[in-house]
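*Asks:* Handing you a structure now.
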């Protein structure tokens, strides 16, 4: 299916526009003029620092009041380049006025890193990127998501709970769960995507194995908005090969009231619901043991070092590429 191929045009262009391209073009002019002013008037630097402090304070006030500023997409500040999926927030399930500060948006954060060398397969005992390092990368990605949310002035309650790391070949996708309205997995293209079809297969497995009295039509526990599913959506947006064949690993953290914790796929220990436990099995993913201790890593030399930093966008649109 052409939906998940890079540069695909299998969507309604009247419904999905690309505000990112427009705002980036206009903001580049502003940045250029600002840089020239700083060169001509270096004494302005101190004033700029004061202005930055005021901006941070205003951002905090916005967050408390439930207001945010998505008038412009921000480049990610962290080394993993986790950032808001601006296209999703502003175009799905309907186009948003980016100048409004209280509209109901869908919030999701992600990053895609391509390395020079392999990161390791799910059946390897000594992967170039260990399970412990992959665990720590997912944890660091969760922290970057929080910082990016604050930069946009988005309130704490609108932050997605989950953050997953999907590793295969020489690539890692970092993807949060989705917080907002609707179900991306079930509603986008009416579920006619590789992930949507996998969920249909999972529901059949559930129906064929339930106990008497259980609902055979029950859908995914979290409406298909978990980080594991969003990571798979991003994989299929860029790849035409089945994820089952990639010997991929996945680890997930949840940001709960008592802190960030490693978590098994939802539904793992529950008998009355199904969730990512069936989905990860259907996709042939090895999920990281929650008892795996996190291990430190240095991103620059890891697996030969990153060669591409980008964000694959859930909605139609070209990836955002980042430098550094």
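Numbering (the working numbering), first residue to last: 2 to 325. Note that the Cβ used here is the ideal one computed from N, Cα and C, for glycine as well. Predicted model, so just to flag it, every value in this text is computed and none were measured.
Between the beta-carbon of residue 165 and the beta-carbon of residue 229, is there less than 7 Å?
*Replies:* Yes, the pair counts as a contact, with Cβ atoms nearer than the cut-off.
*Asks:* Among the candidates 218, 248, 266, 163, whose CA atom is the shortest distance from the CA of residue 120?
*Replies:* The residue with the shortest Cα to Cα distance from residue 120 is 248.
*Asks:* Taking the alpha-carbon positions, what's the residue 205 to residue 140 distance?
*Replies:* Going from the Cα of residue 205 to the Cα of residue 140 covers about 33 Å.
*Asks:* Return helix, strand or coil for residue 75, following the three-state DSSP convention.
*Replies:* Correct three-state label for residue 75: coil.
*Asks:* Considering only residues of the same chain and omitting the five flanking positions on each side of residue 274, which have a CB-CB separation below 7 Å?
*Replies:* These residues qualify, in order along the chain: 219, 222, 268.
*Asks:* Give me, in chain order, the residues of the same chain whose beta-carbon lies closer than 6 Å to that of residue 322; leave out the 5 immediate sequence neighbours on both sides.
*Replies:* Excluding sequence neighbours, residue 322 sits near 311.
*Asks:* Grouping DSSP H, G and I as helix and E and B as strand, with all else coil, what is residue 221?
*Replies:* Coil at residue 221, not helix or strand.
*Asks:* Quick check on this structure: which residue in 100, 117, 85 has the alpha carbon closest to the alpha carbon of residue 77?
*Replies:* When only C-alpha atoms are compared, the closest one is 85.
*Asks:* Between which two residues does the beta strand (DSSP E) harbouring residue 257 extend?
*Replies:* That run of the beta strand (DSSP E) goes 250 to 257.
*Asks:* Counting only the same chain and skipping the five closest in sequence on each side, list residues whose C-beta sits under 7 Å from that of residue 236.
*Replies:* Result list for residue 236: 167, 174, 244, in chain order.
*Asks:* Our contact map puts residue 289 next to residue 203 with C-beta atoms below 8 Å; I'd like the distance itself, whole angstroms only.
*Replies:* Their Cβ separation, rounded to whole angstroms, is 20 Å, which puts residue 289 and residue 203 out of contact at 8 Å.
*Asks:* Can you name, in chain order, every residue of its own chain whose Cβ lies under 6 Å from the Cβ of residue 128, other than the five neighbours on each side?
*Replies:* Contacts found: 121.
*Asks:* Secondary structure at residue 280, three-state DSSP: helix, strand or coil?
*Replies:* Helix, per DSSP.
*Asks:* Taking buried to mean at least 16 other C-beta atoms within 10 Å of its own C-beta, is residue 112 buried or exposed?
*Replies:* Under this definition residue 112 is a buried residue.
*Asks:* What is the rounded straight-line gap between the Cα of residue 198 and the Cα of residue 99?
*Replies:* Their Cα atoms are separated by approximately 32 Å.
*Asks:* How big is the Cα-Cα spacing for residue 207 and residue 217?
*Replies:* Approximately 7 Å, taken between the alpha carbons.
*Asks:* Quick one: using the 10 Å Cβ neighbour count with 16 as the cut-off for buried, is residue 93 buried or exposed?
*Replies:* So residue 93 ends up on the buried side.
*Asks:* Quick one: measure Cβ to Cβ for residue 146 and residue 160, integer angstroms, because I've assumed they're closer than 8 Å.
*Replies:* With a Cβ gap of about 7 Å, residue 146 and residue 160 count as contacting.
*Asks:* Confirm, please, whether the CB-CB distance from residue 253 to residue 163 is below 7 Å.
*Replies:* Cβ distance < 7 Å, so residue 163 and residue 253 count as in contact.
*Asks:* How should residue 54 be labelled, buried or exposed, when 16 other C-beta atoms within 10 angstroms of its C-beta is the threshold for buried?
*Replies:* Residue confidence for residue 54 is low, a pLDDT of 47 falling below 50, so the modelled location carries little weight and cannot support an answer.
*Asks:* Starting from the C-beta of residue 308, find all residues in its chain whose C-beta is less than 6 Å away, skip the five residues before and the five after it, and write them out in chain order.
*Replies:* Counting only Cβ-Cβ distances below 6 Å, and skipping sequence neighbours, we find 115, 117.
*Asks:* What would DSSP say about residue 236, mapped onto helix, strand or coil?
*Replies:* In the structure shown, residue 236 sits in a helix (DSSP, three-state: H, G or I).
*Asks:* Starting from residue 307, trace the alpha helix (DSSP H) in both directions and tell me its first and last residue.
*Replies:* Here residue 307 belongs to no alpha helix (DSSP H); instead the beta strand (DSSP E) covers 307 to 312.
*Asks:* Exposed or buried, what is residue 317 when buried is set at 16 or more other beta-carbons lying within 10 Å of its beta-carbon?
*Replies:* Flag for residue 317 reads buried.
*Asks:* Which word fits residue 196, buried or exposed, when buried means at least 16 other C-beta atoms lie within 10 angstroms of its C-beta?
*Replies:* Its Cβ being crowded by 16 or more others within 10 Å, residue 196 is buried.
*Asks:* Should residue 33 go down as buried or exposed, given a rule of 16 or more other Cβ atoms within 10 Å for buried?
*Replies:* With a pLDDT of only 42 at residue 33, under the threshold of 50, the placement of this residue in the model should not be trusted; the figure read from the coordinates follows. With fewer than 16 other Cβ atoms within 10 Å, it is exposed.
*Asks:* From the DSSP output, which residues share a beta bridge with residue 263?
*Replies:* 254.
*Asks:* Please list, in chain order, all residues of the same chain as residue 68 whose beta carbon is under 7 Å from its beta carbon, the five residues on each side excluded.
*Replies:* Around residue 68: 102, 103, 154.
*Asks:* Can you list the alpha helix (DSSP H) stretches of 4 or more residues lying completely in the region 125 to 150, in chain order?
*Replies:* Segments of the alpha helix (DSSP H) lying fully in the region 125 to 150: there are none.
*Asks:* Contact defined as beta carbons within less than 8 Å: I believe residue 109 pairs with residue 231. What is the distance between those atoms, to the nearest angstrom?
*Replies:* With a Cβ gap of about 6 Å, residue 109 and residue 231 count as contacting.
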